[in-house]
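Structure first, then comments.
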Amino acid sequence: KAGVTQTPRYLIKTRGQQVTLSCSPISGHRSVSWYQQTPGQGLQFLFEYFSETQRNKGNFPGRFSGRQFSNSRSEMNVSTLELGDSALYLCASSPGLAGWDEQFFGPGTRLTVL
Amino acid sequence: AQSVSQHNHHVILSEAASLELGCNYSYGGTVNLFWYVQYPGQHLQLLLKYFSGDPLVKGIKGFEAEFIKSKFSFNLRKPSVQWSDTAEYFCAVNAPGGFKTIFGAGTRLFVKA
Numbered sequence: 126k127a128g129v130t131q132t133p134r135y136l137i138k139t140r141g142q143q144v145t146l147s148c149s150p151i152s153g154h155r156s157v158s159w160y161q162q163t164p165g166q167g168l169q170f171l172f173e174y175f176s177e178t179q180r181n182k183g184n185f186p187g188r189f190s191g192r193q194f195s196n197s198r199s200e201m202n203v204s205t206l207e208l209g210d211s212a213l214y215l216c217a218s219s220p221g222l223a224g225w226d227e228q229f230f231g232p233g234t235r236l237t238v239l
Numbered sequence: 005a006q007s008v009s010q011h012n013h014h015v016i017l018s019e020a021a022s023l024e025l026g027c028n029y030s031y032g033g034t035v036n037l038f039w040y041v042q043y044p045g046q047h048l049q050l051l052l053k054y055f056s057g058d059p060l061v062k063g064i065k066g067f068e069a070e071f072i073k074s075k076f077s078f079n080l081r082k083p084s085v086q087w088s089d090t091a092e093y094f095c096a097v098n099a100p101g102g103f104k105t106i107f108g109a110g111t112r113l114f115v116k117a
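Which chain is which? The protein sequence lines are A and B, in order. Quick note on numbering: the first sequence equals residues 126 to 239 in our numbering. Quick note on numbering: the second sequence equals residues 5 to 117 in our numbering.
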């Protein structure tokens, strides 16, 4: 069974630009969660989607948005990039809601904002 | 607001030493608890989880964790670590009912051969 895939793996952008990250969950998984990982901060929850509906959102500004498609694939968008958005963005999928199931993580997208 | 505290950010042990990593959370209701591990160059993966029942749960690779409700703690233990246990360990908490999963800041463990 293929794991969670994320594209692109690496991204370099400049301040003010926008970026779209993509996540393909494990086949059959209905929940996709996104996290921002930075050194010393651990994983900060961005949002969780389940069956195309946003279930919950973390404490991030409105510049961070996401969506989930009918095939459970998910995208995350960050507009008007800031230097502080540089981080590893992780996607995780689970068969059911993330709080009730093991989450399977992808390799992440390393975003660098210059 | 929910929060998860991992007391040690860096731990260095020699092989065969015992390990205990602390995790405390702040939420008064029923919670689901997880420990994830990230080995160098690998994805985060589940080590063990607690939903209900026996508060002492066993995970992969000889790890176990004990849920102590009165202390809001879910500490991770291993009697004898190996060099291959070098990794970063994350405690995570979720309140059932659709609340978000909160991760701790992580503990980097380095085991000296």
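Where is the CB? At the ideal position from N, CA and C, for every residue including glycine. All of these numbers come straight from a predicted model, not from anything done at the bench.
If contacts are defined as beta-carbon pairs under 8 Å, then residue 69/B and residue 52/B qualify, I think. What distance do you get, rounded to the angstrom? 6 Å
Quick one: what does DSSP say residue 206/A is sitting in, helix, strand or coil? coil
Using a cut-off of 7 Å between C-beta atoms, extract the partners of residue 36/B located in chain A. 224, 225
Please identify, using Cβ separations under 8 Å, the residues of the region 47-70 of chain B that lie next to chain A, in order along the chain. 47, 48, 49, 50, 53, 55
Please list, in chain order, the residues of the region 140-168 of chain A that have any C-beta partner in chain B closer than 8 Å. 158, 160, 165, 166, 167, 168
According to DSSP, is residue 141/A helix, strand or coil? coil
Please determine if the region 7-14 of chain B and the region 221-237 of chain A are in contact, where contact requires at least 3 C-beta pairs separated by less than 8 Å. no
Could you check the C-alpha separation between residue 34/B and residue 197/A for me, to the nearest Å? 29 Å
Run down chain B in chain order and give the residues with a C-beta less than 8 Å from the C-beta of residue 231/A. 47
In DSSP terms, what residue 60/B is bridged to: 70/B
Is residue 225/A helix, strand or coil by DSSP? coil
To which residues does DSSP link residue 196/A through a beta bridge? Residue 196/A pairs with nothing; no bridge assigned.
From residue 78/B to residue 92/B, what does the alpha carbon distance come to, in whole angstroms? 16 Å
Which residues in chain A have a C-beta closer than 8 Å to the C-beta of residue 94/B? List them in chain order. 167, 168
Quick check on residue 219/A: does DSSP put it in helix, strand or coil? strand
Note down the Cα distance separating residue 66/B from residue 191/A, rounded to an integer number of angstroms. 38 Å
Would residue 170/A be called buried (16 or more neighbouring beta carbons within 10 Å of its own) or exposed? buried
Indicate whether the contact test is met: 3 or more Cβ pairs, each with one atom in the region 205-213 of chain A and one in the region 229-236 of chain A, closer than 8 Å. yes
Decide yes or no for the touch test of the region 82-89 of chain B against the region 22-33 of chain B: beta carbon pairs closer than 8 Å, at least 3 of them. yes
Burial state of residue 167/A (16 or more Cβ within 10 Å): buried
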